[in-house]
Each structure stands twice: as structure tokens, then as C-alpha cells.
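Step one of this worksheet: look at the structure below.
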Amino acid sequence: MHVIVYIEDNPDNFRLVKRLLESSKGYIVEQARDGVAGLELVKARRPALVLLDLDVPLLNGFEIAARLRDDPELSKIPVVAVSANVMQGERQRSLELGCRAFIEKPFDIHEFRRTIERLLSDDAAR
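Residue 65 in the working numbering sits at position 77 of the sequence shown, and the numbers go up by one each step.
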């Protein structure tokens, strides 16, 4: 059973993703509402995947991605950046910081699910 940590401060967005992933594939989705809590949860749970909203309080998504990338124990965990505010360069910057994918909100549910499944199967194959 894959555990996914979703660092997201919006409870509605979290509930949507939790319901989508837990009902379709049986994943366990846990939430952190800010960047500091997110890093702590990732360190404690060692999830199969991290979903990372780029606009969360305390530490933004770019800072979190950089810290995950720079931590040898966490750098192998696939990270997916998720953002509603796609400003020029956000996608590229998140990928440069080690995110394996970038999903723009609002997202297509089927494409979202395919991206998550692909990353989890790619990671399992390594």
C-alpha cells in the first residue's frame, strides 16, 4: 500500500485528491498544511510519493523541493509539483529543483491519476 504525502493548505483540494487516490487505487494520502509540517511528515513517513503545492505557508514549494533534493535520505522520493498560479518559469524551476512532474490546477482527473501511477511504477522499477 503506497503512502502519498500531499503538502497542501487548502482543505478542499486535499479532500478531492485524497478521495480520488484512495478510492481508485487504495493509496493512503496524508496531509501537511504547511511547508515545515510537510518536511516533518515526509521525514517521518518516508512516502512513496510527495504531492507538493507550490504555494503553502512557512516554506514555499520551491524551498521544500530543494530541501528534499538535498537530503540524501529523501532525494529518491518522487515529488510532483502542483500549482494553480502558473507563472512563467514555475514549471521549469520546479523541475530543476528535482520535481519529476508538474501538474497545473485545475487538473484533468484521468491525467492526474496516470501521472501518479507512472511515477510510482517507475520508482518501483528502480
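C-beta: ideal position from N, C-alpha, C; glycine also.
Collapsed DSSP secondary structure at residue i in the structure displayed
i      : result
Ala53  : helix
Ala89  : strand
Ala113 : Any answer about Ala113 is weak, because its pLDDT of 49 lies below 50 and its placement is not dependable; what the coordinates show is given next. It is helical.
Val44  : coil
Gln19  : strand
Ser71  : strand
Leu8   : helix
Ile104 : helix
Asp0   : helix
Cβ neighbours of residue i in the same chain (closer than 7 Å, five flanking residues each side left out)
i     : result
Glu28 : none
Arg33 : Val(-9), Val(-7), Glu18
Asn73 : Asp43
Asn48 : Gly23, Leu42
Integer-rounded CB distance, given that residue j should sit under 8 Å from residue i
i     : j       : result
Val38 : Ile(-5) : 7 Å
Tyr15 : Ile(-8) : 5 Å
Gly86 : Leu56   : 7 Å
DSSP bridge partner residues for residue i (one or two, in chain order)
i       : result
Ile(-8) : Val17, Leu37
Own chain residues within Cβ distance below 8 Å of residue i, not counting five before or after
i        : result
Met(-11) : Gly14, Tyr15, Ile16
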